[in-house]
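What follows is a short report on a single structure.
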């Protein structure tokens, strides 16, 4: 039984298969850690129509007697396949299940990142209507250095909820701002509509401004600006580090 070392690269895998082919027909292979550090080799061998079996690491008693060595581990893997002890076939890792696994990993990572962001400013979840998704979206818009936003007006402009002056001749009016971060704008939109359904103060404000002759769009615009101001004042103070 021969042993040889190869780098864990695509070129190394090709050299391994060529070398093994000189010893005989390669139909089966034993790989340790087919789902982790051996995944690359496992996928390559499967693509070359070689049956891949998951092999366990040698037990501790054998390691104590014989020591830890790559040749010993390789021979143990080969014997496990030849004797039939290794029966667990390696996952192919190229189908819809693997895609679902990668999606889950990405989702878990995103959930963890969202939790970390919320933990940075938990006070954002206290007001009515601000949920985790909206809070994280607004934190992302502010960035890790919200001190760069000197005023709440700058944050409102960044979210696209500050009106823009528009002049035509001698007439100067204000129109809706279609610029800014549209995801942050959508988050403020969700906050406002949640408050319109569940927050008595927001409902009272809406009724009062309606009686004053304001349109629904104008009132929503004012409420979004107020929500942006509230978020800014909740997050901005915690960004300062006291001078030593």
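In UniProt numbering, the protein residues as written are 1 to 244.
Where is the CB? At the ideal position from N, CA and C, for every residue including glycine.
- Here the stretch 206 to 218 makes no contact with the stretch 154 to 161; the two share fewer than three CB pairs at distances below 8 Å.
- If you compare the alpha carbons of 130, 43, 81 and 85 with that of residue 196, the shortest gap goes to 130.
- Closest in C-alpha terms to residue 136, from the list 152, 111, 128 and 21, comes 111.
- Setting aside the 5 residues that flank it on each side, residue 80 is surrounded in the same chain by 30, 55 and 86, each with a C-beta closer than 6 Å to its C-beta; the list follows chain order.
- Between residue 192 and the set 146, 222, 164 and 21, the nearest pair of CA atoms involves 222.
- Taken atom to atom, the span from the alpha-carbon of residue 12 to that of residue 45 is near 12 Å.
- Within the UniProt domain "Transposase IS116/IS110/IS902 C-terminal" (126 to 207), the alpha helix (DSSP H) runs of at least 4 residues that lie entirely inside it are, in chain order, 132 to 142, 152 to 159 and 182 to 198.
- For residue 47, the uninterrupted alpha helix (DSSP H) segment begins and ends at 39 to 47.
- By the neighbour-count criterion, in which 16 or more other beta carbons inside 10 Å mark a residue as buried, residue 103 falls on the exposed side.
- By the CB criterion at 8 Å, residue 52 and residue 26 fall outside the cutoff.
- Annotation for residue 2: no beta strand (DSSP E) segment contains it, and DSSP assigns it neither H nor E.
- Exposed is the label assigned to residue 35, since fewer than 16 other Cβ atoms lie within 10 Å of its Cβ.
- Residue pairing of residue 29 in beta bridges, as defined by DSSP: 52.
- When C-alpha distances from residue 70 are compared across 140, 3 and 224, the shortest belongs to 3.
- If you compare the alpha carbons of 154, 122 and 232 with that of residue 179, the shortest gap goes to 154.
- Counting along the chain, residue 35 sits inside no alpha helix (DSSP H), nor does DSSP assign it H or E at all.
- Under the three-state reduction of DSSP output, residue 14 falls in the helix class.
- Burial check for residue 8: the Cβ neighbour count within 10 Å stays below 16, so the residue is exposed.
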